[in-house]
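>
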Amino acid sequence: MSEHGAQLHPRTDEGENRPLSVSARLGRLQFHHSGKFRVLQFADIQDGPNVSKDTILLIRAALEAARPDVVIFTGNQIAGYDAAYAATYRKRRWQTPNPRPNSPEAKRRQADLEKTRETVRAQIAKFVQPLIDAGVPWAVTYGNHDFQCGLDNAELDEIYRGFEGCLNGDASLCGDDLMEFEMSKTLPDQYVYACEPGTFALPVSDAEHRHTVIGLVLLDSGDYARAGGYGSPSARGLEFLRKLPAKLGHDVESIVFQHTAMPQYYQLLKPVSPTTAHAIEGYRMFAGQYYALDEDRADPGSYVGEGVSCPDNDAGEFAVLHDTHGYFAVAAGHDHRNAFSGRVEGVKLIETPTAGFESYGPVPAKRAARLFEFDIRHPYDPRTQLLEYGDIVGKPSSKKAYVYGMTAASKSESEGVDLLHRPSWFARVLDRILQR
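Using the numbering used here, you'd call the opening residue of the sequence shown number 376 and step up by one each time.
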């Protein structure tokens, strides 16, 4: 690890020690001469310093199976509520302690924060080491639990950028400008459009490096709203989405990777009665109504295991994506038990289940990474496949993967320290009835 990041270097000219990523070998994100380009998404590792060995096994196996050009982590890598971060934990961003300067409390706070930085750095090292070993570049955005460890996304970003292979842009260079153009320190011929920590764009070129084919956009989708529920992308982030297509070229479209889904994801579901098999209750603004996948709109192989946890208020993100004609898909995480996709007004909306084993989710064997394979012949219609633990690794060893039924109960509104949210008495009874 280097203080300022490091370039991924081939270890030899040939053989198994070359970077697994074709793009890493070439020094930029680009389509191969075969016409393919691959992205691997990991959502919601959501763990403490002792990262589950099953998560690490999943990462290693998915890398070997997919041989991706780049890996994208879509938030909640850090379970900021973990006991290891108790001294600096904050439930909401605006609840950060602010002791008087030079007071004993301020000195203790700084010491605690430095310990948290060291702990976070050691935790990150565990789940990015498989990527470094394989020679696969990677990028991260943030969710609603990362900051709860006590570090802002800007501080987390600085830590991530210190690791070999990280493609995150340096948003501190932007100043008052909306975005900053910079060359990557990881891939020497790759440029990055940086906006905010967790919000930036990575252009992907054709095999001859003559023009940009697609954009990979990472967006900080926010954490919590002061009025309750989940937050939304910042006004700056939305303006970045609005202006980016002109930078990439008006004939270039992008896919957005973010943590939290948008309200439009509910358009891939259909209202059903509570007694319908596999019915799930909507979240907050959609609470009181039960839903199931709309099989006429959702792609084959999709499944839904909990209500889509979107912000109460529509910040206008989908309108920006749709109206600029510069985006063809959005891939989110956050809802650990959901794995579905489908088109809404021409934009593919995707949810990816958790890749972690220390928080709730589907049965351990179905925790997964999602592979995107882009084809130069139709780059805006990628194939996508879940790489599930049971298929690519085998039987999980984890004994603490929480699989409490959530098909008939929406999440707690608090989303605080306790993430289990065991179903209510009514939900348990209803679940037993549905399983008869």
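Here a beta-carbon is modelled for each residue, glycine too, at the ideal position from N, C-alpha and C.
Computed from a prediction, not measured in an experiment: that's the story for all the values here.
List, from N- to C-terminal side, the alpha helix (DSSP H) runs of 4 residues or more that fit wholly inside the stretch 515-558.
With a minimum length of 4 residues, the continuous alpha helix (DSSP H) runs that stay inside the stretch 515-558 are 528-536.
> Measuring CB to CB, does L553 end up less than 8 Å from R611?
In this structure, R611 lies closer than 8 Å to L553 by Cβ.
> In chain order, what are the residue ranges of uninterrupted alpha helix (DSSP H) at least 4 long that sit wholly in the stretch 548-634?
Runs found: 610-623.
> Would Q416 and F693 qualify as a contact pair, given that the criterion is a beta-carbon distance under 8 Å?
No, the Cβ-Cβ distance between Q416 and F693 is not below 8 Å.
> Take G717 as the anchor and find which of D750, D457 and L668 has the nearest alpha-carbon.
That would be L668, whose Cα lies nearest to the Cα of G717.
> Using only CA atoms, which one of R601, D595, V627 and Y535 lies nearest to E614?
Per the Cα distances, D595.
> Does the structure place the stretch 631-648 close enough to the stretch 457-466 that three or more beta carbon pairs sit under 8 Å?
In short, these stretches do not touch, since the Cβ pair count stays below three.
> Would you check if the distance between the CB atom of H890 and the CB atom of S684 is smaller than 8 Å?
Outside the displayed span of the chain (376 to 811) sits residue 890, for which this structure offers no information.
> Between the beta-carbon of I655 and the beta-carbon of G691, is there less than 8 Å?
No, these two residues do not count as a Cβ contact at 8 Å.
> Quick check: V414 and P394, are their CB atoms within less than 8 Å of each other?
No; because the gap between Cβ atoms is not below 8 Å, this pair is not in contact.
> What's the gap between the Cα of P474 and the Cα of E748?
So the two alpha carbons sit approximately 50 Å from each other.
> Can you check whether the CB of F661 is closer than 8 Å to the CB of S427?
Contact flag unset, no.
> Give the secondary structure of S785 by DSSP, where H, G and I count as helix, E and B as strand, and everything else as coil.
Bear in mind that the predicted position of S785 carries a pLDDT of just 35, short of 50, making it unreliable; the figure below should be weighed with that in mind. In the structure shown, S785 sits in coil (DSSP, three-state: anything other than H, G, I, E or B).
> Could you check what DSSP says for G765 in three-state terms: helix, strand or coil?
G765: helix per DSSP, three-state reduction.
> Do you know offhand how far L401's Cα is from G455's?
Distance between the alpha carbons of L401 and G455: 36 Å.
> Under a three-way DSSP split, which group does Y779 fall into?
Low confidence applies here, because Y779 scores a pLDDT of 48, under 50, leaving its location unreliable and the question unanswered by this model.
> Per DSSP, what kind of secondary structure is I499 in: helix, strand or coil?
Helix.
> Taking one C-beta from the stretch 750-759 and one from the stretch 732-742 each time, how about it: are there three or more such pairs within less than 8 Å?
Output reads no: the stretch 732-742 does not touch the stretch 750-759.
> Would you call the stretch 596-606 and the stretch 418-435 touching, i.e. three or more CB-CB distances under 8 Å?
The stretch 596-606 vs the stretch 418-435: no contact.
> Buried or exposed for M781, going by 16 or more other Cβ atoms inside 10 Å?
Unreliable placement is indicated for M781, whose pLDDT of 43 sits below 50; the coordinate value is still reported in the next sentence. The residue is buried, with at least 16 neighbouring Cβ atoms inside 10 Å.
> Starting from the Cα of Q642, find the closest Cα among A437, D626, A673 and R659 and give me that residue.
Of A437, D626, A673 and R659, the residue nearest in Cα terms is A673.
> So, with DSSP's three-state summary, where would you put F661?
Here F661 sits in helix by DSSP.
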